[in-house]
Every structure is written in C-alpha cells, then in structure tokens.
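**Q**
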Ligand code: AMP
Ligand code: TRP
C-alpha cells in the first residue's frame with residue numbers, strides 16, 4: 006500500500022493556504038486510499054526566534070485542527086514529531102550525507118536567514134539543517150508520496166537526493182519519495198500582496214485568512230483583497246496576480262476550474278463576493294468541529310499518544326537499518 010507522509014509547522018495560526026495547498030487533500034483523499042501519517046512538526050518551529058509557551062499552544066491547536074478538518078485516527082496516524090525520537094536520530098545520519106552547499110542553496114533558508122539578519126538577529130544553525138530534518142521525517146516512514154504545497158518542492162527534492170545518495174553509498178535503505186501537489190491552489194497568495202505566498206508567520210495579517218477566522222472576518226479580508234488595474238476578470242498569474250489568486254481560491258473551494266470561472270464574472274466585486282462566501286462555507290465545518298474538540302482536550306491527547314506509539318513502530322526499523330548501514334554498531338535494547 007502507498008505510504009503518505011506530511012507535516013505542518015506550529016509557527017503560527019493555520020491558514021487557508023495550508024488548508025487548500027495541503028491539509029484538505031490529506032483528509033479528503035489520502036487517508037482513504039493510502040497508509041497515511043500526518044505530523045505536527047514542532048521541532049521545525051524552533052528554527053527561528055520562538056516563545057516556548059506559544060509553540061506549545063500552537064502545537065496543541067494544530068493537532069486539534071488536523072482532527073477538525075476530518076483526519077480520522079482510525080484511517081491514519083496523527084502525532085507530534087518531538088514525541089518520536091527517530092526523527093532527530095535519523096536527521097543526524099542524513100547530515101552526514103547532505104552537503105553544506107545544498108542546504109545553503111535552499112530558497113527558504115536564504116529568505117529566512119536574510120530576514121533574521123535584517124531584524125538584527127542571528128541565524129540559528131537549525132535553520133540551515135531544517136530541510137535535512139524534513140528529509141528525515143519523510144524517509145523514516147518510507148513514504149512514497151508527500152502531499153504538500155508548491156513551496157515545499159525543493160525540500161522534497163532534497164529528501165529524494167539524500168535517499169538516492171544514501172542507498173548508493175550504504176545499500177538500499179530508503180524509499181525515494183515524491184511530492185504531490187493539488188491541481189489548483191498549490192500556492193495561495195497573500196490577499197494584500199498577491200506576489201507573496203500566504204504564509205502563517207508573516208506579519209501582513211489582513212491578507213491572511215486563518216482557518217479559525219469568524220465568517221465576517223473572512224468576508225472583510227476577501228472583499229478588501231488587492232486586485233489589479235484593469236476591470237475584466239482574467240486568469241493570468243503574471244499580469245493579474247490578485248484576480249488570479251481569487252479565481253484559484255474560488256475554484257478550490259467550489260470545485261470549479263479557475264480559467265472557466267474567469268469567464269463567468271464581469272466585475273471584481275461579484276468575484277470577491279462569491280469567493281468570500283465559498284471560503285466561509287469551506288471553513289464553517291472546520292471551525293465547528295474545532296470548537297467541539299476543544300471541549301474535549303483529553304480526546305486529542307489520547308489520539309496523539311496512540312499516534313506517537315504507532316509512528317515509533319513504523320519509523321524505528323528503518324532508522325535502525327540506516328544506523329547499521331552507515332557503520333554504527335547495533336544497540337542492545339533491554
Ligand atoms: P507550513 O505552514 O510551512 O508548515 O506548511 C504546511 C503545508 O501547507 C505545506 O505543505 C505547505 O506547502 C502548505 N502551504 C503553506 N502555505 C501555503 C500557501 N500559501 N499555499 C499553498 N500551500 C501552502
Ligand atoms: N517544511 C514543511 C513546511 O514548512 C513542514 C514539514 C516538515 C514537512 N517536515 C515535513 C512537510 C515532512 C512534509 C513532510 O511546510
């Protein structure tokens with residue numbers, strides 16, 4: 006059976022971009038057709054300046070939201086990364102296979118490092134090694150597919166390169182994974198700045214729709230979205246990034262095709278109104294289920310405990326095999 010692995014970082018409140026780009030398919034498709042593993046990747050939240058209490062809070066919230074979007078612990082495994090030691094254990098081995106150059110070349114590293122430096126802060130070493138930890142997340146589970154948004158393409162590519170290199174040097178150990186992306190909305194853009202990704206840790210709040218935003222807040226954000234000069238509704242990422250972003254969001258939420266939808270609108274106003282309502286309807290059940298789950302924190306904790314146990318059982322044999330293959334003596338376990 007196909008194995009699927011994906012994760013989400015607790016660095017901010019989850020957004021419509023997270024949902025349309027990645028999470029929605031996990032719940033609607035992946036968990037039903039594959040042996041699926043989904044993870045709150047909390048170790049990745051420590052790569053930039055962070056507040057411990059906030060990371061704890063956001064990790065709990067992200068886990069609750071994973072269940073709220075419809076992940077069913079009977080159909081898939083849901084857990085928190087730091088509860089399973091195998092991730093960090095394998096990451097070190099992969100650091101011995103990756104090169105300094107290939108991690109420095111990663112676009113996200115270059116962008117985030119530059120941002121930290123502009124703020125006068127220092128760049129954590131873990132920011133550089135982060136894609137290697139991500140490769141460990143994926144390879145430890147023998148994942149065939151990694152459903153992610155478009156921005157994660159280079160990271161999954163690195164995971165592939167490391168798997169191939171490790172297998173060539175030390176013998177076949179890892180499955181070589183591939184990224185999968187949604188047909189539309191693989192990169193949802195910030196509503197106030199349609200040239201930048203809608204990212205949860207960005208500070209341009211009014212351009213970001215959060216999964217838990219109230220309907221009126223969603224409406225306001227969509228209606229105030231920056232559109233392009235010109236009046237007609239055209240699907241063109243280069244020339245009309247604002248309108249194209251709205252068409253992609255509408256298509257993803259209503260099941261249509263963004264190019265044909267463009268033909269159905271004569272004004273930006275009507276497009277915004279329909280997009281806002283489509284987003285409100287998509288988020289409504291998520292918000293309701295989240296509220297229900299918050300009333301029962303013991304349930305979420307239980308799911309995570311069981312999830313971590315299952316995840317350990319899946320990851321340990323592969324990570325043990327990697328230890329042996331690379332030249333480490335097997336540990337004698339009690
Ligand atoms: P992150 O928020 O970086 O932990 O991302 C979690 C998942 O959501 C990854 O698969 C990302 O590719 C995806 N994602 C994040 N932001 C967006 C966005 N604006 N559009 C589409 N996918 C996104
Ligand atoms: N780097 C991913 C992001 O920022 C999160 C992530 C960490 C991930 N480990 C992963 C995604 C493994 C897929 C598989 O979105």
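Numbering (my numbering), first residue to last: 6 to 339. Beta carbons: idealized from backbone N, C-alpha and C, even for Gly.
(1) What do you get for residue 30, buried or exposed, if any count of 16 or more other CB atoms within 10 angstroms of its CB means buried?
(2) Hey, is the region 40–48 in contact with the region 79–92, meaning 3+ C-beta pairs nearer than 8 Å?
(3) Can you tell me the Cα-Cα spacing of residue 143 and residue 97, whole angstroms?
(4) Per DSSP, what are the beta-bridge partners of residue 195 in this structure?
(5) Taking the beta carbon of residue 335 as the centre, do at least 16 other beta carbons fall within 10 Å, making it buried, or is it exposed?
(6) Below 7 Å, is the gap between the Cβ of residue 202 and the nearest heavy atom of the ligand TRP?
(7) Does any heavy atom of the ligand AMP sit closer than 7 Å to the C-beta of residue 254?
(8) Among 237, 280 and 90, whose alpha-carbon lies nearest the alpha-carbon of residue 314?
(9) Would residue 16 pass as a contact of residue 295 if the rule is Cβ separation under 8 Å?
(10) Between residue 252 and chain B, is there a C-beta pair that is closer than 8 Å?
(11) Go to residue 185, then tell me how far its beta strand (DSSP E) extends in each direction, as first and last residue.
(12) Taking the straight line between their C-alpha atoms, what separation do you get for residue 13 and residue 256?
(13) How far does the beta strand (DSSP E) with residue 152 in it reach, from first residue to last?
(14) Are residue 238 and residue 282 closer than 8 Å when you measure CB to CB?
(15) Leaving out five residues before and five after residue 117 in sequence, what residues of the same chain have Cβ atoms less than 7 Å from its Cβ?
(16) If you drop the 5 nearest sequence neighbours on each side, which residues of the same chain put their C-beta closer than 8 Å to that of residue 126?
(17) Using only the alpha-carbon positions, how far apart do residue 212 and residue 60 sit?
(18) Label residue 66 either buried or exposed according to how many other C-beta atoms from any shown protein chain fall within 10 Å of its C-beta, with 16 as the threshold for buried.
(19) Could you please give me the residues that DSSP links to residue 13 through a beta bridge?
(20) For residue 258, list the residues DSSP reports as bridge partners.
(21) Should residue 258 be labelled buried (16 or more other beta-carbon atoms within 10 Å of its own) or exposed?
(22) Looking at the secondary structure, which residues open and close the alpha helix (DSSP H) in which residue 342 lies?
**A** Reading from the atomic positions:
(1) By the 10 Å Cβ count, residue 30 comes out buried.
(2) Verdict: yes, contact present.
(3) CA-to-CA, the gap between residue 143 and residue 97 works out to about 14 Å.
(4) Answer by DSSP bridge pairing, in chain order: 198.
(5) Label assigned to residue 335: exposed.
(6) No - the ligand TRP has no heavy atom lying nearer than 7 Å to the Cβ of residue 202.
(7) Flag unset: Cβ of residue 254 not near the ligand AMP.
(8) Cα-wise, what sits closest to residue 314 is 90.
(9) No, these two residues do not count as a Cβ contact at 8 Å.
(10) The question asks about chain B, but that chain is absent: this structure has only one protein chain.
(11) Unbroken beta strand (DSSP E) run through residue 185: 183–185.
(12) Taking the straight line from one Cα to the other gives about 23 Å.
(13) In the DSSP annotation of this structure, the continuous segment of the beta strand (DSSP E) that includes residue 152 starts and ends at 150–152.
(14) In this structure, residue 282 does not lie closer than 8 Å to residue 238 by Cβ.
(15) Within the same chain, residue 117 has close Cβ partners 53 and 132.
(16) Within the same chain, residue 126 has close Cβ partners 54.
(17) Going by the C-alpha atoms only, they are around 23 Å apart.
(18) Burial call: buried.
(19) Answer is 45, bridged to residue 13.
(20) Answer is none; residue 258 lacks a bridge partner.
(21) By the neighbour-count criterion, in which 16 or more other beta carbons inside 10 Å mark a residue as buried, residue 258 falls on the buried side.
(22) Because the chain is modelled from 6 through 339, residue 342 falls outside the range shown and cannot be assessed.
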